[in-house]
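Engineer:
In the working numbering, the protein residues as written are 68 to 396.
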């Protein structure tokens, strides 16, 4: 009889162990699915955010690049004249020339950048003991810089192609693949990474300050308003501030990058960052050269970054609600 009781207790204990093991496995599986959903949601939201934002400002972006890579003096009046002449000569949709290349680049770039930012925030939050909470200032800045660097490294040749298509007539390059083939054949594969160093040097302060400013403003808003989520127009304003600060800090390197990327079609032989800077300053001056088109960026940049951050946040919220309601798995 005593042996039967012991066997029954042993059996119960074993059952409890199996139940606990099964529960632990289910919990791990749930956490794994949650992380996968988080990554997929971030990738989709980031891709959509980048596509919407860049398409909205494509004519201004193209105009800015044309001035950046030329020695012509920039002014709002001259920018308007360029846009109007392009419209009269080639039609309304010519203002979006190169936007297909922009989409090929910006969709993976934005998807990777936003997804990487979410993952870096999670990793840094766990490391600094702020998991699930707003990060302190330094890790917040670091997460943005690392996200921008990761995205730029993985998508740089597409940015080169986009710049070439923006500054050349459509007869020169018929499509994106043609740009890749022609550059590789005539200028060498290394050309696809020309301007890579100033890009990385520029993206560290740009992405870092953009994400830092946006996250900081959202945190301050939550503390002062008592509302965990800002309204859409507030998100747009926070994103606009983030874009203004981030792009102003890294703008000279953006000019250098564009000059180096388009050297093969503009007749220049820009070789190094400092050499390019010296040539620009000697020919055009510091403000008129290294900051050419910045005033347009103060219009275009805040709009694009505001739309981008707002689209990302709202898409994330929508996907979470759809998943909770069972419309998506």
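By construction, the Cβ of each residue, glycine as well, lies at the ideal position given by its N, Cα and C atoms.
Would the segment 350-362 count as touching the segment 130-148 if we require 3 or more Cβ pairs under 8 angstroms?
Structural biologist: Because the criterion of three Cβ pairs below 8 angstroms is met, the segment 350-362 and the segment 130-148 touch.
Engineer: Are there 16 or more other CB atoms within 10 angstroms of the CB of residue 157, so buried, or fewer, so exposed?
Structural biologist: As a working note, residue 157 is residue 90 in the chain shown. Exposed.
Engineer: Could you give the uninterrupted runs of the alpha helix (DSSP H) lying entirely in the segment 278-348, keeping only those of 4 residues or more?
Structural biologist: Counting whole runs of 4 or more residues, the segment 278-348 contains the alpha helix (DSSP H) stretches 299-328 and 330-333.
Engineer: DSSP three-state label for residue 197, please.
Structural biologist: Numbered from 1 along the chain shown, position 130 holds the residue referred to as residue 197. Reduced to three states, the DSSP call for residue 197 is coil.
Engineer: For residue 236, is the classification buried or exposed, using 16 other Cβ atoms within 10 angstroms of its Cβ as the cut-off for buried?
Structural biologist: By 1-based counting over the chain shown, the position of residue 236 is 169. Burial call: exposed.
Engineer: Taking residue 258 as the reference, give the member of 247, 266 and 149 with the closest Cα.
Structural biologist: Start at 1 with the first residue of the chain shown, and residue 258 comes out as number 191. The option with the nearest alpha carbon to residue 258 is 247.
Engineer: Where does residue 376 fall in DSSP's three states?
Structural biologist: Mapped onto the chain shown, residue 376 falls at position 309. Here residue 376 sits in helix by DSSP.
Engineer: Using alpha carbons as the reference points, say which of 148, 376 and 174 lies closest to residue 118.
Structural biologist: On the chain shown, position 51 is the one that residue 118 refers to. For residue 118, the nearest C-alpha among the options comes from 174.
Engineer: Can you say whether residue 382 is buried or exposed, counting buried as having 16 or more other CB atoms within 10 angstroms of its CB?
Structural biologist: Along the chain shown, read from residue 1 onward, the residue named residue 382 stands at position 315. Buried.
Engineer: State the Cα-Cα distance for the pair residue 291 and residue 209, rounded to the nearest angstrom.
Structural biologist: On the chain shown, residue 291 is found 224 positions in, with the first residue counted as 1. On the chain shown, residue 209 is found 142 positions in, with the first residue counted as 1. Each residue's alpha carbon lies about 25 angstroms from the other.
Engineer: For residue 212, which residues in the same chain have their Cβ closer than 7 angstroms to its Cβ, ignoring the five residues on either side in sequence?
Structural biologist: The residue you call residue 212 lines up with position 145 of the chain shown. 271, 274 and 275.
Engineer: Are residue 261 and residue 169 closer than 9 angstroms when you measure CB to CB?
Structural biologist: What you label residue 261 is simply residue 194 of the chain shown in a count that begins at 1. What you label residue 169 is simply residue 102 of the chain shown in a count that begins at 1. No, the Cβ-Cβ distance between residue 261 and residue 169 is not below 9 angstroms.
Engineer: When you compare the CB positions of residue 32 and residue 111, do they come within less than 9 angstroms of one another, or not?
Structural biologist: The structure shown has nothing for residue 32, since the chain only spans 68 to 396.
Engineer: Measuring CB to CB, does residue 320 end up less than 9 angstroms from residue 265?
Structural biologist: By 1-based counting over the chain shown, the position of residue 320 is 253. By 1-based counting over the chain shown, the position of residue 265 is 198. Cβ atoms of residue 320 and residue 265: closer than 9 angstroms.
Engineer: What are the boundary residues of the alpha helix (DSSP H) that residue 133 is part of?
Structural biologist: In the chain shown, the residue the question calls residue 133 occupies position 66. Unbroken alpha helix (DSSP H) run through residue 133: 125-135.
Engineer: Would you call the CB atoms of residue 106 and residue 186 closer than 9 angstroms?
Structural biologist: Reading the chain shown from its first residue, position 39 is the one you call residue 106. Reading the chain shown from its first residue, position 119 is the one you call residue 186. Taking 9 angstroms as the Cβ cut-off, residue 106 and residue 186 qualify as a contacting pair.
Engineer: Applying the 10 Å Cβ sphere with the 16-neighbour rule, what's the burial state of residue 205?
Structural biologist: Working through the chain shown from its first residue, we reach residue 205 at position 138. Exposed, because fewer than 16 other Cβ atoms sit within 10 Å of the Cβ of residue 205.
Engineer: Need the endpoints of the alpha helix (DSSP H) that residue 211 sits in, please.
Structural biologist: Looking up residue 211 in the chain shown gives position 144. Taken as a continuous stretch (DSSP letters only), the alpha helix (DSSP H) holding residue 211 covers 204-234.
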